[in-house]
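Right, one structure below, let's go through it.
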Amino acid sequence: MDPRSHIPFMEFPEDVQFCTLSFLSPSTIAAFARTSKRSLSLCSGDSGNPLWHALCDRRWGSKTLISQWGQGKISFKLLYRTLSVWDSLIGFWRIIPRSSLSSVAFMAALVLFEWGPTFLVGSRVSPSSRNGEYGVVKSPFLLMSLSPTGEAVYFLDKDGKSTRFPSVEEARDWGLTPVNVSFMGASHFLVEEKFLASGHEEDDSGDFIRQRKRRMLRWTWDPQHFLKILNCSPTSSRPLQGLWKGIGADAKLDIYLVTYNESGGISCRRVGDSSVVRALGRSLIVFYTLESSCIAPPFSPEELFRYESRIHHRVLADYSSCPSAANDNSLVVSSILFCYSSFNQLAPDVDEGARENSHLRKKGRIWRYRDGTFGFGFLKDNLIIDLKPFTGKDQFLEPDKH
Numbered sequence: 003m004d005p006r007s008h009i010p011f012m013e014f015p016e017d018v019q020f021c022t023l024s025f026l027s028p029s030t031i032a033a034f035a036r037t038s039k040r041s042l043s044l045c046s047g048d049s050g051n052p053l054w055h056a057l058c059d060r061r062w063g064s065k066t067l068i069s070q071w072g073q074g075k076i077s078f079k080l081l082y083r084t085l086s087v088w089d090s091l092i093g094f095w096r097i098i099p100r101s102s103l104s105s106v107a108f109m110a111a112l113v114l115f116e117w118g119p120t121f122l123v124g125s126r127v128s129p130s131s132r133n134g135e136y137g138v139v140k141s142p143f144l145l146m147s148l149s150p151t152g153e154a155v156y157f158l159d160k161d162g163k164s165t166r167f168p169s170v171e172e173a174r175d176w177g178l179t180p181v182n183v184s185f186m187g188a189s190h191f192l193v194e195e196k197f198l199a200s201g202h203e204e205d206d207s208g209d210f211i212r213q214r215k216r217r218m219l220r221w222t223w224d225p226q227h228f229l230k231i232l233n234c235s236p237t238s239s240r241p242l243q244g245l246w247k248g249i250g251a252d253a254k255l256d257i258y259l260v261t262y263n264e265s266g267g268i269s270c271r272r273v274g275d276s277s278v279v280r281a282l283g284r285s286l287i288v289f290y291t292l293e294s295s296c297i298a299p300p301f302s303p304e305e306l307f308r309y310e311s312r313i314h315h316r317v318l319a320d321y322s323s324c325p326s327a328a329n330d331n332s333l334v335v336s337s338i339l340f341c342y343s344s345f346n347q348l349a350p351d352v353d354e355g356a357r358e359n360s361h362l363r364k365k366g367r368i369w370r371y372r373d374g375t376f377g378f379g380f381l382k383d384n385l386i387i388d389l390k391p392f393t394g395k396d397q398f399l400e401p402d403k404h
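The numbers in my numbering rise by one with no breaks, and the one at position 232 of the sequence shown is 234.
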């Protein structure tokens with residue numbers, strides 16, 4: 003093509019210019035704006051500039067209704083700045099256990115944030131109460147949006163009944179609790195109850211405040227911290243990493259989080275059982291390894307016996323006490339790792355003294371299967387708890403249908 007036939011960028015139609023600029027970050031756009039008066043005019047910081055709509059549409063147009071946030075009365079510049087922060091919420095989070103969790107009797111230890119039409123919703127994720135099944139229940143607990151004036155609005159729904167973002171009147175009728183959300187970086191946030199100033203008690207919201215005071219006599223929300231689960235899925239170098247679900251020895255479903263440390267050690271934490279968190283004030287460490295090295299085939303007769311003599315805990319339809327079927331890749335062992343469970347169920351770096359006392363440790367095995375899944379068990383038991391991956395794309399059960 004003849005270089006002389008090139009059309010200068012500023013000669014393109016304005017909608018094409020905005021579409022092109024929407025691929026850039028605000029800082030890059032600001033640098034471009036300084037190159038000429040025409041580019042400065044195009045990228046003006048005015049909130050009504052169509053460029054901000056293009057930026058919002060590029061990032062979130064396929065995920066939420068950007069034109070309807072704040073009832074369509076807020077600027078896209080404000081929307082962009084808000085959603086740029088809130089976007090980091092999307093995905094799985096876990097509550098940071100406290101010594102006293104009386105205010106979160108309704109909470110699950112695992113939370114999933116997703117986009118709604120004009121809001122973000124954080125949902126409690128917990129195992130179904132039906133024994134022997136892989137069903138997982140999801141119910142809303144935190145709703146986030148913007149008011150028509152551009153103010154961030156947060157409501158806590160302890161009953162998990164919300165199907166959309168409420169008006170102030172609906173929030174009052176539904177018994178929702180106004181809260182504040184404070185971000186401490188991209189992977190840590192705090193939720194605390196919002197208390198109105200006493201000077202407001204005589205205004206039109208007086209009834210609302212009095213109702214809130216009566217509810218506070220029965221139930222209070224202590225500030226709670228949440229950490230993002232950054233690595234939710236396995237990788238080639240960390241094949242056990244992420245969220246998993248499996249049927250425990252009591253035939254109940256549990257959700258597990260497996261993480262790697264810098265030295266290659268692995269720890270598995272139970273994150274789906276809120277009753278354990280409330281009772282212990284911490285997430286339960288199920289097992290840990292001191293390193294990620296493993297035993298490859300051929301296995302010794304002793305290791306083969308340890309595996310083949312055990313009962314596999316799976317959903318009832320897949321239950322098998324004869325795991326040696328060679329045509330089932332989900333039961334063919336590709337490698338074995340040594341694991342431990344300390345006497346007090348804490349991670350090994352929590353209590354150095356206990357870790358040194360080997361008689362307090364429960365030895366176990368992790369059996370990696372050919373299909374990429376794995377199971378674990380302890381030498382004192384005759385069980386293998388087989389795990390399967392758990393993602394936000396799983397089909398969830400409704401709270402009233404489990």
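For every residue, glycine included, the Cβ atom is placed at its ideal position computed from N, Cα and C. On a predicted model such as this, the values are computed, not experimentally measured, just so you know.
- Secondary structure at Arg240: coil, using DSSP grouped into helix, strand and coil.
- A direct Cα-Cα distance of roughly 9 Å separates Val139 from Ser131.
- In the structure shown, Lys79 falls within a helical segment according to DSSP collapsed to helix, strand and coil.
- For Met186, same chain residues with a beta-carbon under 7 Å away, outside a window of 5 residues either side, are Leu192 in chain order.
- For Pro303, the enclosing alpha helix (DSSP H) covers residues 303-310.
- Going by DSSP, Leu57 is part of the alpha helix (DSSP H) stretching over 52-62.
- Contact holds between the segment 9-28 and the segment 53-66, because three or more Cβ pairs, one in each stretch, are under 8 Å apart.
- About 6 Å separates the beta carbons of Gly379 and Arg312, which is inside the 8 Å limit, making them a contact pair.
- Taking 9 Å as the cut-off, the Cβ atoms of Phe157 and Pro150 do not count as close.
- Between Pro99 and Ser125 the beta-carbon gap is near 19 Å, outside 8 Å, which marks them as no contact.
- The three-state reading of DSSP puts Ala154 in strand, counting E and B together.
- Spanning the alpha carbons of Phe376 and Leu389 requires a straight line of approximately 6 Å.
- In this structure, DSSP gives Glu195 an extended state, which the three-state scheme calls strand.
- Close CB contacts of Leu381 within its chain, under the 8 Å cut and outside five residues either way in sequence, are with Arg308, Lys364, Lys365, Gly366, Arg367 (chain order).
- Within its own chain, the residues whose Cβ lies closer than 8 Å to the Cβ of Leu399, once the five positions on either side in sequence are excluded, are Ser130, Gly137, Val138, Val139, Lys140, listed in chain order.
- Excluding residues up to 5 positions away in sequence, Tyr309, Arg312, Ile313, His314, His315, Pro325, Trp369, Gly377, Phe378, Gly379 lie with their Cβ nearer than 8 Å to the Cβ of Ile386 in the same chain.
- Residue environment: Ala32 is assigned as exposed (fewer than 16 neighbouring CB atoms within 10 Å of its CB, all protein chains considered).
- Collapsing the DSSP output to three states places Ile31 in a helix.
- In the three-state reduction of the DSSP assignment, Lys364 falls in the strand class.
- Here Phe20 carries a helix assignment [DSSP, helix/strand/coil].
- Pairing Val183 with Leu144 gives a Cβ-Cβ distance under 9 Å.
- In this structure, Phe78 and Trp54 form a Cβ contact; the two beta carbons are roughly 4 Å apart against a cut-off of 8 Å.
- Spatial neighbours of Thr291 in its own chain (CB-CB distance under 6 Å, excluding positions within 5 residues in sequence) are listed in chain order as Gly267, Ile268, Leu339, Cys341.
- In the DSSP assignment, Gln226 is bridged to Val193.
- Around the beta carbon of Asp256, a 10 Å sphere encloses 16 or more other beta carbons of the protein chains shown; the residue is thus reported as buried.
- In chain order, Leu229, Lys230, Leu232 place their CB closer than 7 Å to the CB of Ser189, counting only its own chain and leaving out the 5 sequence neighbours on each side.
- By the neighbour-count criterion, in which 16 or more other beta carbons inside 10 Å mark a residue as buried, Phe20 falls on the buried side.
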